[in-house]
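Position in the sequence shown (from 1) plus 576 gives the number in our numbering.
Glycine residues also receive a C-beta, built at the ideal position from the N, C-alpha and C atoms.
One structure is given here, and the rest of the page talks about it.
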Amino acid sequence: MFCHSHCNVGVHTRDGQLLKVEEDREHRHADFIARLVRSCPRARNAAEWFYHPARLNYPLKRVGERGENKWRQISWDEALDEIAARLTEIKGKYGAEAIATSSGTGRTTDEYRCRFFSLLGSPNHVGQGHICFGPANVASSLVCGGSSMSPARRRTMCTVMWGTNSPISIRRYWLYIAQSRKANGMKLIVIDPRKTKPAEEADIWLQLRPGTDCALAMGMINIIVNEGLYDKKYVDEWCYGFDKLVARVREYTPEKVAEITWVPADRLSEATRIYASSRPALINTYMGVEQLPNSIEALHARFILTALTGNFDIAGGEMLRRPNPTLISEFDVELNDMMPPEQKAKQLGGDRFRLMSFRGYDLLIENARKVHSEFTRAHSSFAHPFMVYDAMITGKPYPVKAMITNASNPLVTQVNVKHVYKALKSLDLYVVMDFWRTPSAEIADYVLPAASWLERPNIWTWWDNSAVVEVGVAALPHQVQGKYDRRRDYDLWRGLGVRMGQQKYWPWQTLEDAYSYRLSRYGCTLEEFMTEKHGFDVPEMEEKLYEKIGFGTPTGKLELYSTILEKLGYDPLPKYIEPTEGPISNAELAKEYPLILITGSRHQPFFHSEHRQIDPLRQMHPEPIMRINPGTASGLGINDGDWAWVETSRGRIRQKCRYFDGIDPRVVDTQHGWWFPELPAEEPWLHGVWESNINVCTTDEPEHCNSISGGWPLRTLMCKVYKSKSYH
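So this is what it looks like as structure tokens:
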């Protein structure tokens, strides 16, 4: 649980002390998991992480000014009593919508966060779902009524890796690809502006201009249609809106697409023919596409490619994910229907960015449930961050006075950091639950110590998007008398809920009790599930189930032409739109900021903003890295290894230059998540949050965001780079 690979591990302890973490040797895929865990630096350094002296151990209450680094240790009961009292006061004065929450990675029990906020009546949950998993999930649901993202398997004949670098981000997917290439000679197509490891090993690599993915996908559709490479029988029987799609893609000729994307027309045609003629095939599309201003349109086109080639719901292709019918789902736990419609309507940004709001989510779920394909709200429906943070500052359209941050570090991982900082400093109440005193925690009123994955049980189903159920139990206590008193995030939400009048909806005293309830249809408790099933259940998955029940869309077919987008007031077909900030759309800005900026690149051994205080991991990667073409850098007088400024119209930060000939001379690639735990905690330092944090330079102002979902651009902003003085 150090990352999204979710490897099944065995934790060795003696007398309550952590000894080591290794693969779960009793797991049915133990040999495969061993390859991941044994090479994982996070797993090797689990004890260093767990026993680090900077871990938060007891609740802290601010006693000085915000950011002054003055705290008093208090008990959990004191903290929850005081926080609940202040939340109750804010709700009574301003309404439930004045209380917000921020989330991050999906490695906590966000179904219980949603439960608390559903019962509270606040729709203002902000997180990373707009640019991580959420866009692909909802775009897939638009087309096929559920999630269809699948890794390569032995029967897969072609994989398109599109905007993802699995050896770094989700390593198990890269091992699946390696197995498939060895087993059946599977073809590999990589679409990425950077020459990644997969690009080096690919049969064909398409190096496109950042942000032009929708144009590329529409060009592929054009070739498939014009060359008759689509599955005609399948399209006739199961696709809605083909004729309208054909009319739309006429303008996306290979030659026109080459002008937009920088990908030669012949290379595009070659890659398209390989993909369309190799069946079963699949496309892996993740954050590289999700973090674009044209993201939903690009993903819509990407899933149309799957539909045209008949690769939905077949083994080796893109199996439709369905929740496990025996497990009580996260969707059921969330109690979304308990939030009154008038409160849902107050969701900030929901009127403008309707797809990933309650309005869009309720439409998607209404249709997906027809074929038993429900999925959790936790990564699919959010308030828009800019508008929530702006309401904190301005009080418009109504005041937001409190925020609870859990599994999130918004001063580092949220874009537009100066705006976020100003907003958080203006709150009446700010609460942070974390493992460490992050930059965000340093300006909080209360900081609560979180139990890690080693100290809590877990049920993992990819937010109801997978029938596979993986279960784990706590290996170590989360409370040790005289040493620490950490809690699970479930304890936070239940503790506040019980104090705020939600008692009857929280019948389970502990997370173990709550999970036993979710497993009750199996006829066993959490512990019994571990004993009887060794924490793993994989029901049989029926191929082509749509032939019996159709797809979870309004038409019951694969919607190339989306009736849900149409109902929400958007273009029902994908189209390419130039980024509002880019060399084509804003040539004047490009004169001062001539380089396209890629942010958000993953890099081992860190995971987002985590692990920088762990010495063995930090020694592997001590400094933030900016990758730039050697010709560009030398022309600017920057040597390999120099510190350099990266500047946009919003601000500048410093990272260390690394020459990289696998990137276009017009593009710069920067790392995200950087802060420096070793630097002072108090303001203005805040652990160096302003030094190398690329989100100082980014934006989520609505005019730059995806017009359908509100997702913000992390791969298309314009910047300039110049040498910095020596930096220590």
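Taking each of TRP1219, PRO973 and ALA967 in turn and checking the Cα distance to LEU1003, the smallest one comes out for ALA967. Shown here, VAL988 sits in a helix according to DSSP, grouped into three states. Residue pairing by DSSP places ALA978 opposite ILE675 and LEU1005 in a beta bridge.
Excluding residues up to 5 positions away in sequence, PRO617, ARG618, HIS1187, LEU1193, MET1196 and HIS1197 lie with their Cβ nearer than 7 Å to the Cβ of PRO1181 in the same chain. Check the Cα spacing between MET725 and each of ASN887, ASP927, LYS946 and TRP1266: the tightest is with ASN887. When DSSP states are grouped into helix, strand and coil, GLN1247 belongs to the strand group.
ARG1234 sits away from GLU1267, with the two beta carbons spaced by 8 Å or more. VAL639 sits exposed, since fewer than 16 C-beta atoms from the chains shown fall within 10 Å of its C-beta. Counting only residues of its own chain and dropping the five nearest sequence neighbours on each side, PRO1115 has a CB closer than 8 Å to the CB of ASN900, PRO901, THR902 and ALA1043. DSSP places ILE1174 inside the beta strand (DSSP E), whose first and last residues are 1171-1177.
Inside the region 1096-1181, DSSP marks whole beta strand (DSSP E) runs of 3 or more residues at positions 1171-1177, from first to last along the chain. For THR1224, the uninterrupted beta strand (DSSP E) run begins and ends at 1219-1224, by DSSP.
A check of alpha carbon separations from THR848 across VAL865, ASN802 and ALA660 identifies ASN802 as the nearest. Sequence-distant partners of ARG843 (beyond 5 residues in either direction) whose C-beta falls short of 8 Å from its own C-beta, in its chain, are ILE780 and LEU782.
Excluding sequence positions up to five before and after ALA891, its CB lies within less than 8 Å of the CB of ARG729, ARG731, PRO856 and GLU1119, all in the same chain and listed in chain order.
DSSP places THR882 inside the alpha helix (DSSP H), whose first and last residues are 871-884.
If you look at MET914, you'll find it isn't in any alpha helix (DSSP H); DSSP assigns it neither H nor E. Distance from the CA of ARG604 to the CA of GLU1046, rounded to the nearest whole angstrom, comes to 12 Å. PHE934 and LYS920 do touch by the CB rule: their CB atoms are close to 4 Å apart, below 8 Å. Contact check for LYS771 against GLY1238 passes: the beta carbons are separated by less than 8 Å. Here GLU1157 is near LEU1165, since their CB atoms are less than 8 Å apart.
Look at ASP686 here: in three-state DSSP terms it is helix. Of the other Cβ atoms in all chains shown, fewer than 16 fall within 10 Å of the Cβ of ILE1125; this residue is therefore exposed. Taking the C-beta atoms as reference points, LEU695 is found no nearer than 8 Å to MET932. DSSP places MET1196 within a helical segment (H, G or I) once states are collapsed to three. Relative to the Cα of THR1131, the nearest Cα in the group LEU940, GLU777, LEU1072 and GLU1279 belongs to LEU940. In this structure the region 1004-1015 touches the region 628-642; the number of beta carbon pairs closer than 8 Å is three or more.
When the Cα atoms are used, PHE907 and TYR1146 turn out to be separated by approximately 27 Å.
If you draw a straight line from the Cα of MET796 to the Cα of PHE1183, it is about 33 Å long. Counted as a single uninterrupted DSSP element, the beta strand (DSSP E) harbouring GLY1227 occupies residues 1227-1235.
Within the DSSP secondary-structure output, VAL1047 pairs in a beta bridge with ILE1035. Counting the other Cβ atoms within 10 Å of the Cβ of PRO1015 gives 16 or more, which makes it buried. The residue from GLY721, ARG748, GLU687 and ARG785 with its alpha-carbon nearest to that of PRO1155 is ARG785.
Spanning the alpha carbons of ASP1113 and CYS583 requires a straight line of approximately 15 Å.
Per the Cβ contact rule, the region 1047-1054 is in contact with the region 1030-1039 (3 or more Cβ pairs under 8 Å).
Judged by beta-carbon spacing, ALA999 lies beyond the 8 Å limit of SER679, meaning their Cβ atoms are not closer than that value.
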